[in-house]
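Have a look at the structure below before the remarks.
Protein chains: 4
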Amino acid sequence: MAATGGRHFLQIPGPTNVPDRVLRAMAAPTIDHRGPEFAELVRELLPALGPVFGTTRPVVVYPSSGTGAWEAALVNTLSPGDRVLASETGHFATLWTELAGRLGLDVDMIPGDWRHGADPAAISERLRADTGHAIKAVCVVHNETSTGVTSRIPELRAALDSAAHPALLLVDTISSLASIDYRHDEWGVDVTVAGSQKGLMLPPGLGFTAVSDKALHAHRETAGLPRAYWDWTPILAANGGGYYPYTPATNLLYGLREALAMLAEEGLSAVFARHQRHAAATRAAVRSWGLEVLCADEREHSGSLTAVLLPEGQDADAVRRVILDRFDMSLGTGLGRLAGKVFRIGHLGHFNDLSLAGTLAGVQMGLQLAGVPIKPGGVEAALELLK
Amino acid sequence: MAATGGRHFLQIPGPTNVPDRVLRAMAAPTIDHRGPEFAELVRELLPALGPVFGTTRPVVVYPSSGTGAWEAALVNTLSPGDRVLASETGHFATLWTELAGRLGLDVDMIPGDWRHGADPAAISERLRADTGHAIKAVCVVHNETSTGVTSRIPELRAALDSAAHPALLLVDTISSLASIDYRHDEWGVDVTVAGSQKGLMLPPGLGFTAVSDKALHAHRETAGLPRAYWDWTPILAANGGGYYPYTPATNLLYGLREALAMLAEEGLSAVFARHQRHAAATRAAVRSWGLEVLCADEREHSGSLTAVLLPEGQDADAVRRVILDRFDMSLGTGLGRLAGKVFRIGHLGHFNDLSLAGTLAGVQMGLQLAGVPIKPGGVEAALELLK
Amino acid sequence: MAATGGRHFLQIPGPTNVPDRVLRAMAAPTIDHRGPEFAELVRELLPALGPVFGTTRPVVVYPSSGTGAWEAALVNTLSPGDRVLASETGHFATLWTELAGRLGLDVDMIPGDWRHGADPAAISERLRADTGHAIKAVCVVHNETSTGVTSRIPELRAALDSAAHPALLLVDTISSLASIDYRHDEWGVDVTVAGSQKGLMLPPGLGFTAVSDKALHAHRETAGLPRAYWDWTPILAANGGGYYPYTPATNLLYGLREALAMLAEEGLSAVFARHQRHAAATRAAVRSWGLEVLCADEREHSGSLTAVLLPEGQDADAVRRVILDRFDMSLGTGLGRLAGKVFRIGHLGHFNDLSLAGTLAGVQMGLQLAGVPIKPGGVEAALELLK
Amino acid sequence: MAATGGRHFLQIPGPTNVPDRVLRAMAAPTIDHRGPEFAELVRELLPALGPVFGTTRPVVVYPSSGTGAWEAALVNTLSPGDRVLASETGHFATLWTELAGRLGLDVDMIPGDWRHGADPAAISERLRADTGHAIKAVCVVHNETSTGVTSRIPELRAALDSAAHPALLLVDTISSLASIDYRHDEWGVDVTVAGSQKGLMLPPGLGFTAVSDKALHAHRETAGLPRAYWDWTPILAANGGGYYPYTPATNLLYGLREALAMLAEEGLSAVFARHQRHAAATRAAVRSWGLEVLCADEREHSGSLTAVLLPEGQDADAVRRVILDRFDMSLGTGLGRLAGKVFRIGHLGHFNDLSLAGTLAGVQMGLQLAGVPIKPGGVEAALELLK
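Residue numbers (the UniProt record's numbering), protein chains in the order written: chain A, 1 to 387; chain B, 1 to 387; chain C, 1 to 387; chain D, 1 to 387.
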């Protein structure tokens, strides 16, 4: 029997369920991007964006996906052949370094098991060994969307500091921003990369880079990769007057204004706490079913998503198909080396207790229908925690 | 801790959750209600509306609430002082007869306990006793929104027939149309009253009357109550050309077209089956909690809503408040003599398994938080049935 | 060549072009009409509605068309057989009295030529002759939508006063409210009737009655027509708590809130002045073409619409068809005895100078294409005035 | 007196007035970009996109502005130090070559007076002189948005052919696509660059490149510029399955589907003819006012916009300000060396005769109010032509 009626449950770890308020804000007529009304919009938006990144420094907004912001972070700060240190925490960490390689950077990837975050000790070791400071940047994914594992950014910052290494710290927060506590300035991050379609509750189409003074200095003084579309300099210059050097994605900016208003209404700390509660409740359900959460370190559980490891011999994508067909819910697939082995439950963005209960109910029934041997009671375990 | 994030769960028994498709359809620009594009809309809408009522006869659409359609059914068919027979099945049956009284009709109300539908035997008895045919109409609420109890219309029709009584049969389907199987023609109903904001998945603002040939005859030949706004004659005449005699609620009609398309895509029988499954799952949860469903006759359970009776001494409205505050879900209050004693769970309209699971999770947690003694496991019991 | 591309010009005298802000406001999810959020909406709306009517007394909002509000005004204040005095100022004045007749009222209609407003002298004469006070109400259409002629309400009030006649003064402002200066309290009107789809810039679906103390007194003490749906008493009682006695048209109320905010932002006096400018510019164009404006009294030109009289032998509807086909603009048809002789240009609601220029350009080209002999230069004459 | 009421007239040459149909389409919920429903969307969109470019070859869609598509055209086909031939036809031709320079290309710019399109003879001469085939690409802007002058692409193609020069032909159609006749395949263009916010009637946020086999060959065999985000290869590979290699701008794609449907409904040749009529009517008005159209060659008038040259000593931006303040209409400013000397009237996208009439009325009144000496009658001259 196929699913009928009611709203789709979009429980992939992004794009997330866009609030109707945001969709309606985006449906306003497009305006002249060189007129006074647009300038007001920019002057309202940019200051409201800083707190979400935990920064008082500039945030550059691009018409792009998050992948574009990855590229922007690199081409604005690095030169051809520069060495970049990274940790293989999962699929997206891998993709980012592949992109770096295609841009002509020399990537040093610390291997990983895709169940842990970036290892501060391993990074520290590489940095200390790099006495010639060949490493120009350390690239870390704050929240690995493919695994549901976070990296402990303050400890990585400490690793750089204790090694007295001048490399830039570049952090991908695509699936953590506005969902998991994050502090660009306080944690000494140089470039923070983000996208619109996760915790910011927007459709995809905007990429972001938050930029430290040190990153800006590298941008101006040393960075030699060719750059044009992504170039911070003309954007920051135009932003000063309330404009962009090329046509911005106006209607997505309307949505951004509305989404920032919603985050401010709820309060960022309440937003973070909500995500932690939902993540904890999800883990309670998973464990109650007798299944394993992919993340192997209690300090590194993601607040945004939970990757569920299936017993050997079970096909995670078959479970996802049953759930999509029967309950009209989309879950995240296993990516890269995790294909078929895990599915991922997104519990981020515009979300609440009852939607989580519905989500977990769908997962539980789908596991049963797909013949995965589980213990009953996962939903009740989650409710116990939510209550 | 107050509810934050995510969508509101509107689980009153109407207005129901309006699909975003319908809301977007309604956001189209208003057009000239005397122009050719409007005529096309009407010529598409009216034939598509018939099957939902189970009729090939006219359906009159008003800019009004369902209460307006109650009035329309009466003023179009009856005369001052006419006797009307009704059954006290709940709050809305009572309101309808009060309205009839205010219009100058003489109501004979068969008392009821608000836990059963209209009693065919009792009605039959009154009709047989009415050898002078003073009773001009029998008014029945198909699905009592205040109690979650349906009346068995075919048996009532049989009562009229076996008494060979010429009274008109007027049926309120405000909370059953497009949710619970209903057949205006086959069941010999004379006027079927409906509203937009329940199974039709629209915002409130449209009232409907489906009209049998017999009702139309009474309208033309005998009905003497003053009528103007509600008068069928000019509306039916104008409808022939694709118009209305006064400005119709154009944008709600756009929504109606979209909602009818959605019902047709799912198929009415699938829609009815979905409602029955959800109602059964809800009852499974309620009983698993050790609580009582208000409806006392297995043949009369509503597919649209379930009224839950709380143990003596518990305040149903306190439970509703906890649920609204903590889980951002609206449930129906106890009305009239049921105030404080029941709450009502709406599971009709644009709805699906996972939304029902979320709904029942909210009810379960809310009951616990409000201190109502329940057995755990209600949600799991519902999932067992949904699966 | 048929019209292609661009927005439709909806220049009938209502429904008017609904602002996209209002349409988006209406696309918000429907909420529980018995919940606290709805009560806040009502408590915000009703006080904001008063100034638009020029009243501090109650305004009753119905899910209905304006025709419903006509009926509401009558059934709430009058009794079967009551005499009502009216002026035949046009099609809608005629329809309102026909409706009154169908409700059992005894209408005394002062004949008119459909080119003038209600004649204060004629009304005064009837009232003075009515020494027995058989006349219970005077019904006047403030702005005749079929003719573009206004009636001078303060002079009519003076006629009642000088005759010391106790009749109620009932005024239809369906196509003048929020477009032409109007003052319910100051002018001593007893019931003001309005609809949503004209100056209020909403889709059709809401009817309004503003109610004086004297009207309320008649309602409570003497009015004997049967009433239920339209009954003020339960609505005013429920409004006190922020509710309605039956399901209100929630999404239209969202739109109303937005429309009232827009009117407040522009300022009512600026709104009225804008309509007067547009009406004057339209007349300048009509006269420059060598055509005649239907309204025959300079004191009575409508700010909302202009009816244009065609030379003998010309078919106004043929002109309208050409304009609809070629320029995708809807104009108002001639109604009743004016059929084929006039067309009506609506210039009310959400409208501005450039849209008026486009409108008049379409009329000018359409007249030429339809072969109506006109002098060129009408658009330029209007621009001269607008500039 | 400031503008009040009514819709803004967005008559810059892009972004253009987005149809409400498109805005509503974009307001649908975001879906899983790796799910079956998304794949269907892509499989429907891409084939429908080809005809608009006049191609049966691939069209690559980016989440980006048109500037991004400029970059994509270059980095996918060229190598560092490659020579690029261009014509200085205006501001955007200049910006594109500046961008090329920043990417490490060697630009040979043929000077121009900003009143003519690219000169086929001058280009032919350079190509013939380049016997060593150092020139790898010729970059031309089909419709210069800063000047309202088109370049004659077939003649430029002929110049390449007659010189038997292997350079790629890269054409910017940002402000001509879907407005002015254009044929990627027939005219032998190698990369066509476009954006969403002009003739495609969408908000900004999508960039496009249509790609010839020859361009694809260069991409695969010779192009050496670093590329990642813009890389055609992974996108074309993913498109085959109905997907994108990174998160696409889903909701803009919904809008694109709707806009393509609208173009198909009207028919592309009708769309082009409409733009030509509006451009001709605009020139008729400008000349009637006694002003000069910037475009100096009758063969090169733009169908999308008209740049109006003011008499010496007049400030075009002052005129624009008056028009924005008084008539709520945005016009395009003079860019680069034309600053203050011209203003630009956009008459492209979702537009019709009456909106053009309103636009020209606003320009005429604004010129008069700003004290620019003009002859009256421009609007009438345009109407004469439109009729």
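Backbone N, C-alpha and C define an ideal beta-carbon position, used for all residues, glycine too.
Residue i, buried or exposed, once every other Cβ within 10 Å from all chains shown has been counted against 16
| i | result |
| --- | --- |
| A/P203 | buried |
| A/S146 | buried |
| D/E300 | buried |
| A/K375 | exposed |
| A/S269 | exposed |
| B/H133 | exposed |
| A/E380 | buried |
Rounded C-alpha distance that separates residue i from residue j
| i | j | result |
| --- | --- | --- |
| D/M1 | D/A163 | With a pLDDT of 48 at D/M1, under the threshold of 50, the predicted position of this residue should be treated as unreliable, and no value is reported. |
| A/F38 | D/I323 | 17 angstroms |
| B/H165 | B/R283 | 38 angstroms |
| residue 463 of chain A | A/A280 | For residue 463 of chain A there is no data in the structure shown, the boundaries of chain A being 1 and 387. |
| B/D106 | C/A339 | 45 angstroms |
| A/Q11 | D/L252 | 21 angstroms |
| B/A250 | B/R34 | A small correction: the amino acid at residue 250 of chain B is Thr; Ala does not occupy that position in the sequence shown. Looking at the two C-alpha atoms, the distance is approximately 11 angstroms. |
| D/R7 | A/S355 | 39 angstroms |
| D/E266 | D/P15 | 21 angstroms |
| D/Q276 | D/S179 | 9 angstroms |
| B/A158 | C/I135 | 51 angstroms |
| B/K387 | A/G366 | 8 angstroms |
| D/I124 | D/G148 | The question names Ile, but residue 124 of chain D in the sequence shown is Ser. Distance between the alpha carbons of D/S124 and D/G148 is about 23 angstroms. |
| B/Y254 | A/L41 | 33 angstroms |
| D/L169 | A/A28 | 38 angstroms |
| B/W232 | B/G334 | 35 angstroms |
| B/P80 | B/D190 | 19 angstroms |
Those residues which DSSP pairs with residue i across a bridge
| i | result |
| --- | --- |
| B/H184 | Answer is none; B/H184 lacks a bridge partner. |
| D/R115 | Paired residues: none, contrary to the question. |
| A/S79 | Paired residue(s): none; A/S79 is not in a bridge. |
| C/S330 | C/L10 |
| D/V84 | D/V107, D/A137 |
| A/G207 | A/Y62, A/G195 |
| A/N239 | DSSP, once it has assigned bridges, lists no residue as partnering A/N239. |
| A/T150 | A/N143 |
| A/V171 | A/V140, A/T192 |
| A/Y292 | The sequence given here has Glu at residue 292 of chain A, not Tyr. Its beta-bridge partners are A/L309. |
Next item on the list: For the segment 242–258 of chain A, enumerate the residues whose C-beta is nearer than 7 angstroms to any C-beta of chain D, in chain order.
Entry: Result list: Y246, T247, P248, A249, T250, N251, L252.
Item checked: Near-chain D residues of the segment 213–243 of chain A - C-beta to any C-beta below 9 angstroms -> Along the segment 213–243 of chain A, the positions whose C-beta sits under 9 angstroms from a C-beta of chain D are L225, P226, R227, A228, Y229, W230, D231, read in chain order.
Margin query: Quick check on the DSSP output: what are the complete beta strand (DSSP E) runs of length 3 or more inside the segment 294–362 of chain D, in order along the chain?
Written below: 305–309, 329–331, 342–346, all fully within the segment 294–362 of chain D.
Check: Using a Cβ cut-off of 9 angstroms, which residues of the segment 22–36 of chain B contact any Cβ in chain C, in chain order?
Finding: Residues passing the 9 angstroms Cβ filter: L23, R24, M26, A27, A28, P29, T30, I31, D32, H33, R34, G35, P36.
Note to self: If we require 3 or more residues per run, which beta strand (DSSP E) segments fall completely within the segment 228–281 of chain A?
What the structure shows: Runs found: none.
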